[in-house]
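Residue numbers (the numbering used here): 101 to 219.
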């Protein structure tokens, strides 16, 4: 039996976090979702993930700080930035991410990028 790919979703908006988790599970992925970037770091240290999806604007630790921490811990994990803010696209800290997507009502672009990166 083929092992499911494990995705970590970090999204401070609870309803979006739940939506992403459910939609990506339907696509056949194992999904761990959290609304807390500090909890995300704990999870990354303890478990292996095939992909991380993060928002940028979050309380306590924003997505750019989270990406920097991820790169220091496990550099080889692909990261997708999924945000409502286009303005961060040219911030050099976003260059560490494999993709920068703007949130939309449809998750098709996100799902396509996930398939492209991890199958």
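Backbone N, C-alpha and C define an ideal beta-carbon position, used for all residues, glycine too.
Check whether the Cβ atoms of residue i and residue j lie closer than 8 Å to each other.
i: residue 199; j: residue 181; result: yes
i: residue 144; j: residue 183; result: no
i: residue 125; j: residue 132; result: no
i: residue 105; j: residue 150; result: yes
i: residue 110; j: residue 137; result: yes
i: residue 208; j: residue 159; result: no
i: residue 201; j: residue 213; result: yes
i: residue 114; j: residue 135; result: yes
In the structure shown, what three-state DSSP assignment does residue i receive?
i: residue 175; result: coil
i: residue 139; result: helix
i: residue 166; result: helix
i: residue 120; result: helix
i: residue 127; result: coil
i: residue 108; result: strand
i: residue 184; result: coil
i: residue 133; result: strand
i: residue 207; result: coil
i: residue 199; result: strand
i: residue 156; result: coil
Could you work out which residue in the options is closest to residue i when comparing CA atoms only?
i: residue 196; options: 214, 160, 169 and 183; result: 169
i: residue 205; options: 163, 120 and 112; result: 120
i: residue 162; options: 141, 175, 173 and 146; result: 141
i: residue 186; options: 115, 217 and 203; result: 203
i: residue 217; options: 117, 129 and 122; result: 129
i: residue 148; options: 164, 174, 165 and 118; result: 174
Can you round the beta-carbon distance between residue i and residue j to whole angstroms, since I take them to be within the 8 Å contact cut?
i: residue 108; j: residue 152; result: 5 Å
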